[in-house]
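Chemist: Just add 1277 to wherever you are in the sequence shown, counting from 1, and you've got the numbering used here. A virtual CB, placed ideally from N, CA and C, is assigned to each residue, including glycine. Source: prediction; values computed, not measured.
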Amino acid sequence: MSQIQLLNTTIASIALFVNQVLTASYRAVYSADESSELILVVAPLSATAEVQSLYAGGIIDIESALPCALNSLGSSAEEIASAMERRRAKDEAEKEMATAREKTERDELAQRSKVAKMKPQPPTAPGPGKLSAPKAPSSPSGSGGDS
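Here's what the structure looks like:
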C-alpha cells in the first residue's frame, strides 16, 4: 500500500469517529432527534490530480471541477462559493469581451468593404511584356528632298 493510500485510509477512519462525536454533540446541544446526523466530508488527497485530469480531458466542466478540487484542498463552503462567483464573473467578462471583439471586427470589415466599393479604380497600365499602342513614325526634320 502506498503512503498516500495509507494516509487516505487513516483520514477516512478518523472521519468516522469525528462523525460520531459531532452527531452526539449536535443532538445534545440542540435536543435533536435520532434521525439527525452530522457527517464530516473528507476527500482523498489524490482527488485533486484526478479532477485536474478529468477537467483537462474535457470530461467535466469548471462548475464541477472547481468545487471538487477546492473541497479536497480543505476549502470551506464559503470559500468555494466565492471562488465560483469569481470564476463565473471572469467567464462572463471574457464572453462579453469576445462578443465586443467580434462586433468590432465585423464593423471594421464592413467599413473597409464600403470604402473599397466607393473608391474609383485607377486605370491600369499595361504590365511587363504587354505592348502599348504603337507610336506613329517620326519624320525627318526639314524639307523633303536631297540637293
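May I ask you to report which of helix, strand or coil DSSP gives Ile1339?
Modeler: The answer is helix: DSSP assigns Ile1339 an H, G or I state.
Chemist: Starting from Val1392, trace the alpha helix (DSSP H) in both directions and tell me its first and last residue.
Modeler: Where Val1392 is concerned, the enclosing alpha helix (DSSP H) stretches over 1354-1395.
Chemist: Assuming the contact rule is C-beta atoms closer than 8 Å, Leu1347 and Ala1360 should be a hit. Round their C-beta distance to whole Å, please.
Modeler: Contact flag correct, Cβ pair sits at about 6 Å.
Chemist: Is Val1298 buried or exposed, if buried means 16 or more other CB atoms sit within 10 Å of its CB?
Modeler: Burial call: exposed.
Chemist: Going straight from the alpha carbon of Glu1369 to that of Glu1340, what length do you get?
Modeler: Cα to Cα, the separation comes out at about 14 Å.
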